[in-house]
Each structure stands twice: as C-alpha cells, then as structure tokens.
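7 is the number of the first residue of the sequence shown in the numbering used here; add one for each residue after it.
Note that CB positions come from ideal geometry on N, CA and C, so glycine has one too.
These numbers were taken from a predicted model, which means no experiment stands behind them.
As structure tokens, the structure follows; a few thoughts come after it.
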Amino acid sequence: LLQAGNDHVADNYELVPMGLDRVAGFDADVLLVKPRDALRYGYRLWAEKGSHLLLRAEVLDGAGHVLESSAFSDVAIGVRLQLDSVLKPLHQLAGWRLLHSSQQSTQLEAEGWALKQSVPGFRGVSCVKRMLSGAAEQKAGEDAPALQAIYSDGLTYVSIFIEPYNPHRHSMPIETAMGATRTLMRRQGDWWITVMGDVPIGTLRQFAMSVERKK
C-alpha cells in the first residue's frame with residue numbers, strides 16, 4: 007500500500023489501532039489512518055493478523071463517511087500461486103482494442119513547467135512524457151504528446167496530466183467525482199490540464215492553481 011515509501015506518512019496521518027475484526031474468515035488487525043489536515047482522506051484498514059495481507063480497506067471523508075470500500079469475500083493465504091489462472095485471462099482480448107503507449111522519464115522543469123507553490127505534504131515521485139494515441143476524436147497521425155507528473159504524501163497519489171489544448175476534445179472546465187477519486191480539468195492558455203487523485207477536490211484545485219508554464 008505504501009508504494010511511495012512510508013518515511014513521511016506520520017507527518018500527514020495519525021495511525022490509531024482499532025483492535026481485531028474478522029474478514030473473509032481471517033482474524034485481522036484494524037488500523038484507522040486519520041489525516042492531519044483537510045488536504046487528504048482518512049482510511050480504515052484491515053490486515054490479516056499473520057501475513058499482514060490487506061483484506062479490506064475503506065476511504066473516509068472528513069466527516070468519517072465511507073467514500074469507497076473494497077474487501078476480499080474469499081481468499082486463500084499461503085497457497086502456491088497458479089500462474090495460468092492469472093496470465094490466461096490477460097490474453098483473452100476478443101472485443102478489446104490493444105493500444106501501445108510509449109513513455110520516457112523526464113522532469114517537470116525540463117519540459118518547461120513548474121509548481122509555483124508546493125501542496126503541503128506532497129512530494130514529486132515521478133514524471134514521464136508519453137504519446138496519447140488512439141483517441142476516437144483524433145485523426146490519423148495526430149498523436150498528442152502529454153506530460154504526467156505524479157505526487158504522493160506517502161499513502162495516496164495525485165497525477166497531473168498536461169497536453170496541448172484541442173478544441174475538438176476539450177470543452178469547458180470540469181470537476182467530477184467517482185467514489186473517492188476526484189478529477190479536475192481546465193484550460194491554461196494553449197494547454198489542457200487534468201489533475202486527478204483520491205483526495206478532496208480542494209487539494210486538486212491547489213495543484214491546478216500552482217501549475218505554471220515557465221517557457
């Protein structure tokens with residue numbers, strides 16, 4: 007869960023043990039992860055007592071309401087992995103269109119962009135330049151280069167996508183919500199900015215307002 011490293015999670019969250027519970031037939035330690043400010047959501051996590059496998063997770067808003075929940079209803083722990091059961095479905099592509107996306111590592115500043123003001127608790131973890139191809143609205147050969155910068159507070163992530171403004175694909179500014187995921191889209195001059203992540207919309211607005219073109 008802590009893919010960006012847990013060295014500064016405690017700076018942004020308070021970790022509170024909540025005792026034991028049962029999930030999918032296993033004993034689980036319950037941990038409440040409380041945000042220290044309004045820039046991030048809270049979490050309630052259930053980890054299997056022996057293996058620490060995450061069996062259930064809930065994302066909580068500032069009032070403690072559940073925005074998103076996921077859990078195992080049935081799980082086998084300690085069994086030998088059968089690779090075919092995982093790989094075989096990946097090769098069943100009937101009805102799907104396969105798109106290949108190339109990307110290269112870069113830095114936001116190297117591409118002429120910067121955050122004029124950092125968002126508290128978030129650090130840059132990666133930045134790539136990729137070609138977005140295959141959009142139905144694009145004509146053949148009109149691949150659009152896009153920049154993706156990812157920021158993390160040690161537990162959750164925010165992605166900033168920057169691409170050339172296209173009036174055929176980009177219309178009015180948009181703010182959407184699906185479960186815990188918030189998305190903000192807006193135009194900035196000749197560019198279209200998309201910011202998304204499992205954070206409150208106010209956090210995305212801070213990122214969007216801080217993105218600026220340097221050259």
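7 Å Cβ cutoff, residue i in contact with chain C
{"i": "Gly-208", "result": "Here there is only one protein chain, and chain C is not present."}
Residues near residue i by beta carbon distance below 6 Å, same chain, minus five either side
{"i": "Pro-179", "result": "Arg-192"}
{"i": "Lys-220", "result": "Gly-118, Ala-120"}
{"i": "Thr-187", "result": "Asp-204"}
{"i": "Thr-200", "result": "Phe-167, Met-191"}
{"i": "Gln-110", "result": "Lys-135"}
{"i": "Ala-63", "result": "Leu-51, Ser-76"}
{"i": "Thr-189", "result": "Thr-182, Met-202"}
{"i": "Gln-212", "result": "Val-125"}
Candidates the options, of which the one nearest residue i by Cα
{"i": "Asp-35", "options": "Arg-42, Pro-41, Leu-51, Ala-44", "result": "Leu-51"}
{"i": "Val-81", "options": "Ala-152, Pro-41, Arg-28, Val-72", "result": "Arg-28"}
{"i": "Ser-76", "options": "Leu-61, Ile-83, Ala-100, Pro-173", "result": "Leu-61"}
{"i": "Gly-185", "options": "Glu-169, Asp-159, His-71, Trp-197", "result": "His-71"}
{"i": "Asp-159", "options": "Pro-173, Thr-209, Asp-196, Thr-189", "result": "Thr-209"}
{"i": "Ser-79", "options": "Gln-194, Asn-172, Ala-30, Pro-173", "result": "Ala-30"}
{"i": "Asn-172", "options": "Thr-162, Thr-182, Asp-196", "result": "Asp-196"}
{"i": "Ala-69", "options": "Pro-206, Met-24, Gln-113, Lys-94", "result": "Pro-206"}
{"i": "Ser-216", "options": "Met-24, Lys-122, Tyr-163", "result": "Lys-122"}
{"i": "Leu-153", "options": "Thr-182, Leu-66, Gln-113, Val-85", "result": "Gln-113"}
{"i": "Leu-66", "options": "Leu-37, Ile-83, Ala-116", "result": "Leu-37"}
Same chain, Cβ closer than 8 Å to residue i, five either side skipped, listed in chain order
{"i": "Lys-145", "result": "Confidence is the limiting factor: at Lys-145 the pLDDT is only 48, short of 50, which leaves the residue's position unreliable, though a coordinate-based value still follows. No residues qualify anywhere along the chain."}
{"i": "Gly-140", "result": "Unreliable positioning characterises Gly-140 in this predicted model, as indicated by a pLDDT of 48, which lies under 50. The coordinate reading is nonetheless provided below. Same-chain partners within the cutoff: Arg-103, Leu-105."}
{"i": "Pro-151", "result": "Lys-135, Arg-136, Met-137, Leu-138, Glu-169, Pro-170"}
Presumed contact (8 Å Cβ cut-off) between residue i and residue j, rounded CB distance
{"i": "Ile-156", "j": "Ser-132", "result": "5 Å"}
{"i": "Arg-136", "j": "Ser-107", "result": "6 Å"}
{"i": "Val-15", "j": "Lys-40", "result": "Their Cβ separation, rounded to whole angstroms, is 12 Å, which puts Val-15 and Lys-40 out of contact at 8 Å."}
{"i": "His-176", "j": "Trp-198", "result": "5 Å"}
Cβ-based neighbour list, residue i, same chain, cut-off 7 Å, excluding 5 preceding and 5 following
{"i": "Tyr-19", "result": "Val-39, Lys-40, Pro-41, Arg-42, Leu-161"}
{"i": "Ala-214", "result": "Leu-190, Arg-192, Ile-199, Val-201"}
### Task
Can you check the segment 153 to 219 for any alpha helix (DSSP H) of at least 4 residues that lies completely inside it and give the ranges in chain order?
Counting only runs of 4 or more, we get 207 to 216.
### Message
Ignoring anything shorter than 4 residues, give me the alpha helix (DSSP H) runs that lie fully in the segment 8 to 73, in order along the chain.
### Response
Correct list: 15 to 18.
### Task
Would you check if the segment 125 to 132 and the segment 30 to 50 touch, i.e. whether three or more CB-CB distances between them fall below 8 Å?
yes
### Task
Take every Cβ of the segment 56 to 72, pair it with every Cβ of the segment 88 to 98, and state whether three or more of those distances are shorter than 8 Å.
no
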